[in-house]
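2 protein chains.
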Amino acid sequence: MLYEISEKAIQLQNQGKEIIKFNLGDPDLPTPPAIVEAAYEAMKQGKTKYSSAAGEKALREELAVIHGVSADNVVVTTGSKWAVFSSLFLLLKRGENVVVPSPHWTSYELAAKKLGVETRFLKSDLGSNWKVDPEKLEALIDDNTRLIILNSPNNPTSKVIDSKTFAEIVQIAQSKGVTVLSDEVYSDISFVKADSILDYGKSNILVSGFSKAFLMTGWRIGYVVVEKELAKRMIKLNQITTTCVPAFIQYGALKGLETRKQIADDIRRTFKLRADAAYSVLSKSKMQFSRPDAPFYLFPKVDGLDSERFALDLLDRGVAVAPGTAFGDYREYFRIALTVGEDKIKEGLEKLCEALP
Amino acid sequence: MLYEISEKAIQLQNQGKEIIKFNLGDPDLPTPPAIVEAAYEAMKQGKTKYSSAAGEKALREELAVIHGVSADNVVVTTGSKWAVFSSLFLLLKRGENVVVPSPHWTSYELAAKKLGVETRFLKSDLGSNWKVDPEKLEALIDDNTRLIILNSPNNPTSKVIDSKTFAEIVQIAQSKGVTVLSDEVYSDISFVKADSILDYGKSNILVSGFSKAFLMTGWRIGYVVVEKELAKRMIKLNQITTTCVPAFIQYGALKGLETRKQIADDIRRTFKLRADAAYSVLSKSKMQFSRPDAPFYLFPKVDGLDSERFALDLLDRGVAVAPGTAFGDYREYFRIALTVGEDKIKEGLEKLCEALP
Numbered sequence: 002m003l004y005e006i007s008e009k010a011i012q013l014q015n016q017g018k019e020i021i022k023f024n025l026g027d028p029d030l031p032t033p034p035a036i037v038e039a040a041y042e043a044m045k046q047g048k049t050k051y052s053s054a055a056g057e058k059a060l061r062e063e064l065a066v067i068h069g070v071s072a073d074n075v076v077v078t079t080g081s082k083w084a085v086f087s088s089l090f091l092l093l094k095r096g097e098n099v100v101v102p103s104p105h106w107t108s109y110e111l112a113a114k115k116l117g118v119e120t121r122f123l124k125s126d127l128g129s130n131w132k133v134d135p136e137k138l139e140a141l142i143d144d145n146t147r148l149i150i151l152n153s154p155n156n157p158t159s160k161v162i163d164s165k166t167f168a169e170i171v172q173i174a175q176s177k178g179v180t181v182l183s184d185e186v187y188s189d190i191s192f193v194k195a196d197s198i199l200d201y202g203k204s205n206i207l208v209s210g211f212s213k214a215f216l217m218t219g220w221r222i223g224y225v226v227v228e229k230e231l232a233k234r235m236i237k238l239n240q241i242t243t244t245c246v247p248a249f250i251q252y253g254a255l256k257g258l259e260t261r262k263q264i265a266d267d268i269r270r271t272f273k274l275r276a277d278a279a280y281s282v283l284s285k286s287k288m289q290f291s292r293p294d295a296p297f298y299l300f301p302k303v304d305g306l307d308s309e310r311f312a313l314d315l316l317d318r319g320v321a322v323a324p325g326t327a328f329g330d331y332r333e334y335f336r337i338a339l340t341v342g343e344d345k346i347k348e349g350l351e352k353l354c355e356a357l358p
Numbered sequence: 002m003l004y005e006i007s008e009k010a011i012q013l014q015n016q017g018k019e020i021i022k023f024n025l026g027d028p029d030l031p032t033p034p035a036i037v038e039a040a041y042e043a044m045k046q047g048k049t050k051y052s053s054a055a056g057e058k059a060l061r062e063e064l065a066v067i068h069g070v071s072a073d074n075v076v077v078t079t080g081s082k083w084a085v086f087s088s089l090f091l092l093l094k095r096g097e098n099v100v101v102p103s104p105h106w107t108s109y110e111l112a113a114k115k116l117g118v119e120t121r122f123l124k125s126d127l128g129s130n131w132k133v134d135p136e137k138l139e140a141l142i143d144d145n146t147r148l149i150i151l152n153s154p155n156n157p158t159s160k161v162i163d164s165k166t167f168a169e170i171v172q173i174a175q176s177k178g179v180t181v182l183s184d185e186v187y188s189d190i191s192f193v194k195a196d197s198i199l200d201y202g203k204s205n206i207l208v209s210g211f212s213k214a215f216l217m218t219g220w221r222i223g224y225v226v227v228e229k230e231l232a233k234r235m236i237k238l239n240q241i242t243t244t245c246v247p248a249f250i251q252y253g254a255l256k257g258l259e260t261r262k263q264i265a266d267d268i269r270r271t272f273k274l275r276a277d278a279a280y281s282v283l284s285k286s287k288m289q290f291s292r293p294d295a296p297f298y299l300f301p302k303v304d305g306l307d308s309e310r311f312a313l314d315l316l317d318r319g320v321a322v323a324p325g326t327a328f329g330d331y332r333e334y335f336r337i338a339l340t341v342g343e344d345k346i347k348e349g350l351e352k353l354c355e356a357l358p
């Protein structure tokens, strides 16, 4: 349904219709020019040959410093999505299962399904301010559970898991011998401090990337921080699949790390203003929603709404959103990605409010 | 062993030792500047966002024209290696098998093994000028065979499969209901005309890429030409794994296609001279070998040689080659990649001849 909306939005645009696109998690802001220039310089310097399947040494070392680990713990991946897929591929066998708090990013479920792995969802809801319940999570774990996937800040709710809950989940995982994969791609730009899985030792999997925090969605560069043995297995899998992330892209990313805090501050400031602008419109409507802890999403609820139908109808009014069903069992919800300017946010959300049943 | 040699060569270089590297299939020539500039322009124009998992429309259309198919038959992939891996992933189940003429590119075997798929090798040898025997190939096919992987021109022999043999193999595959995956990454720069699987209809899999014919090894861009149904499945797999090839890389590749014949002619001319230079040294030695039909490799034989030991010893003399065991059951052989200039080729091969037992 997410792809159907996306395709229809593009079709309408191609017909000359203006569509305000709240449907994709792809920020409108350009990649910082310093990153583009660094990638170009690297190309001209011949960084266009096969590179290491582990990642360029300089980038691994810099990421190791940032995360307080050794470079041997870092593997650069073709986007954070490939990091998730290869973790599932290496750690789970057909018939085993992974536990995922929901609402959740669609790719976890699709990757697991493709690998013959069962996904067990732990439903959370707006009523509890999207609190993940460790007791319920524990009850989902059985002998075939190999992995728990956390995503804090979360896509689509933009909520952060509080420290107490995070610690309890890690504790449960540890006691059950289950690995935690923590997808932290929104952490660097979070409005509030978000715990990292690395705060709880190095025996789990940190997944992160440059897409969101460096406005590099289309560059396809992410990374994992894992134990050395798993790092070696991931490197070997890269060798027979993606080979490497282009070295010149890695030098672009490395340049980004130099001004990491500045870039994150800029993104945070821009998206805080956008969230406030959205809040001022939505709070006048009958929608229920929670204040986001991070960019880029709002995930409001309208009692009795069929969000798939609503999303399709809304397209005809020139606004694209993602129906809640794309993120689990959330038919009354929809996701708004604040990836357009403030004026367009107001205009789009006003149209959206008018369209509410 | 290939990786061991490669790592040791890099270590020696880091110690300040000069190593003539014949061990990797990564040409020394730079990516044509027009491709670099086109990629840079695309970056500056904002082609840095998520792109289609199928590939950019303009690139798919241009490749479709070149191959005489529809754009719907073309899927752009994160290197031709990912095209091979995803074909195996989608078409074979654990316990099924793939037939591969040998010597062969290591990745076919490693990818199959990782997926629990058996690889059945059809051995060929220098004595028959590396002829692939269709009768023997047919004898290897059983009820669990799903795929035959052809690679003409071949890595490591640089030999082309003659038209009669190619036709016979396709005929056998068809009669047995087995798909042919034809890896044609060296075809555009072949010294002699090489058949394409597309000469025999569109029901099989063409794998190709920009690495070799456009000197873009580190850019990670390849593609497949397949039936529309399989194309859709590959696009879906891209959506949950690699997402897309960065759009700016695709615009670099598209620029390359504009001067495709010119770039291929230049590569062919350079590597023909190198092959001749190598031939003049090697023909004075006791090595047996066949004249290459294509860049970049020679695959000579020395009776009684232990090529693994030889490759390691040779490194201490400042020359790196790939032992034949990396390409199948070929201990008396080794692969020489002519990816250095003519002078270095002569110097390296003379050292190599001196080192022969």
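Top line first, the protein sequences correspond to chains P and Y. Each step along the first sequence adds one to the number in my numbering, with nothing skipped, and position 148 is 149. Each step along the second sequence adds one to the number in my numbering, with nothing skipped, and position 99 is 100. Note that the Cβ used here is the ideal one computed from N, Cα and C, for glycine as well. Small disclaimer: the values here were computed from a predicted structure and weren't measured.
When the five nearest sequence neighbours on each side are left out, the beta carbons in the same chain lying within less than 6 Å of the beta carbon of Q14/P are those of I20, in order along the chain. Taken in chain order, the complete beta strand (DSSP E) segments of 3 or more residues contained in the region 167 to 226 of chain Y are 180 to 184, 206 to 210, 223 to 226. The bridge partners DSSP lists for P324/Y are F335/Y. Any Cβ of chain P closer than 7 Å to the Cβ of G210/Y would place that residue at the interface, and such an atom is absent.
Listed in chain order, the non-local C-beta contacts of K229/Y below 7 Å within the same chain comprise D73, N74, local neighbours out to five positions each way being set aside. Measuring C-alpha to C-alpha distances from I11/Y to each of Q16/P, K18/P, K137/P, S52/P identifies S52/P as the nearest. Under the DSSP assignment, S88/P falls in the alpha helix (DSSP H) whose first and last residues are 80 to 92. For Y280/Y, the secondary structure class from DSSP, reduced to helix, strand or coil, is helix. DSSP places I150/Y within a strand segment (E or B) once states are collapsed to three.
Identification of residues in the region 12 to 27 of chain P having a C-beta nearer than 8 Å to some C-beta of chain Y yields L25, D27, given in sequence order. Taking 7 Å as the CB threshold, K233/P stays off the interface with chain Y. Note that the C-beta distance between L151/Y and L92/Y is not below 7 Å.
Using a 10 angstroms sphere on the CB of P34/Y, the tally of other CB atoms stays under 16, which defines it as exposed. In the assembly as shown, V193/P is an exposed residue. Its beta-carbon has fewer than 16 other beta-carbons within 10 Å. Its Cα nearest to that of N155/Y, the residue S209/Y stands out among S209/Y, E343/Y, G257/Y.
In the structure shown, E110/P adopts helical secondary structure according to DSSP, grouped into three states. Using a Cβ distance threshold of 7 Å, V101/Y and T78/Y do not count as a contacting pair. Assignment of Q289/Y by DSSP, reduced to helix, strand and coil, places it in the strand class. Put simply, of L353/Y, R292/Y, L30/Y the residue whose alpha carbon is nearest the alpha carbon of S159/Y is R292/Y. Among the CB atoms of chain P, one or more fall inside 7 Å of the CB of G47/Y. Of all residues in the region 282 to 316 of chain Y, none is placed with a Cβ closer than 7 Å to any Cβ belonging to chain P. Within the model, the alpha-carbon separation for L182/P versus R95/P is close to 18 Å.
Y51/P carries a coil assignment under DSSP once its states are collapsed to helix, strand and coil. Along the region 76 to 107 of chain P, the positions whose C-beta sits under 7 Å from a C-beta of chain Y are T79, G80, K82, W83, F86, read in chain order.
Ranked by how close their Cα comes to the Cα of F290/Y, the residues S176/Y, M217/Y, Y334/Y, G349/Y have Y334/Y in first place.
With respect to F328/P, P104/P sits close: the two C-beta atoms are nearer than 7 Å. Residue burial annotation: L30/P is exposed, with fewer than 16 other C-beta atoms found within 10 angstroms of its C-beta. Short of 6 Å from the beta carbon of L353/P, and not among the five residues preceding or following it, lie these beta carbons of its own chain, in chain order: V320.
When CB distances to chain Y are screened at a threshold of 8 Å, the residues of the region 104 to 138 of chain P falling below it are S108, L111, A112, K115, in chain order.
Distance from the CA of E63/Y to the CA of N239/Y, rounded to the nearest whole angstrom, comes to 21 Å. The beta carbon of T32/P sits closer than 6 Å to the beta carbons of L216, M217 from its chain, once the five residues preceding and following it are set aside; these are given in chain order. Counting the other CB atoms within 10 Å of its CB gives L255/P a total of 16 or more, which places it among the buried residues.
Among the residues facing chain P, V37/Y is included, as its CB has a counterpart in that chain under 7 Å away.
Put simply, the CB of Y51/P is near chain Y, with a gap under 7 Å to one of its CB atoms. Beta-bridge pairing by DSSP links I268/P to no other residue. Under the criterion of beta carbons closer than 8 Å, K48/Y and Y252/Y qualify as touching, at roughly 6 Å.
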